[in-house]
Amino acid sequence: MRHAALESIFGPIADNPNRLGKPLVGELDGLWSARRGDYRIIYEIFDDDQIVLIHRVQHRRDAYRPR
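Structure, rendered in structure tokens:
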């Protein structure tokens, strides 16, 4: 799974993070989520600086729980 997540991070998420993921709401407002099998990549987009900050990669059952 690590390889698949890295492929997504350095591929489609790096190229166009708005297209691949969906914006989150509630406590995770401001973050985005991209699916990769049963795992979710939670990230933040800084458009002005062209930076994507990966917050976590976790199984979907745990990805949206408060830390």
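In terms of the working numbering, the sequence shown opens at residue 6 and continues consecutively. We put the beta carbon where it would ideally sit given N, CA and C, even for glycine.
Between residue i and residue j, is the Cβ-Cβ spacing less than 8 Å?
i     : j     : result
Leu58 : Tyr69 : no
Ile50 : Trp37 : yes
Ala19 : Arg41 : no
Taking the alpha helix (DSSP H) that residue i falls in, what are its first and last residues?
i     : result
Glu12 : 7-13
Does DSSP put residue i in a helix, in a strand, or in coil?
i     : result
Arg41 : strand
Leu29 : coil
Arg65 : helix
Apart from the five residues on each side of it in sequence, which residues of its chain come closer than 7 Å, Cβ to Cβ, to residue i?
i     : result
His64 : Asp43, Tyr44
Could you pull out every residue in the same chain whose Cβ sits closer than 6 Å to the Cβ of residue i, ignoring the five residues on either side in sequence?
i     : result
Pro17 : Leu25
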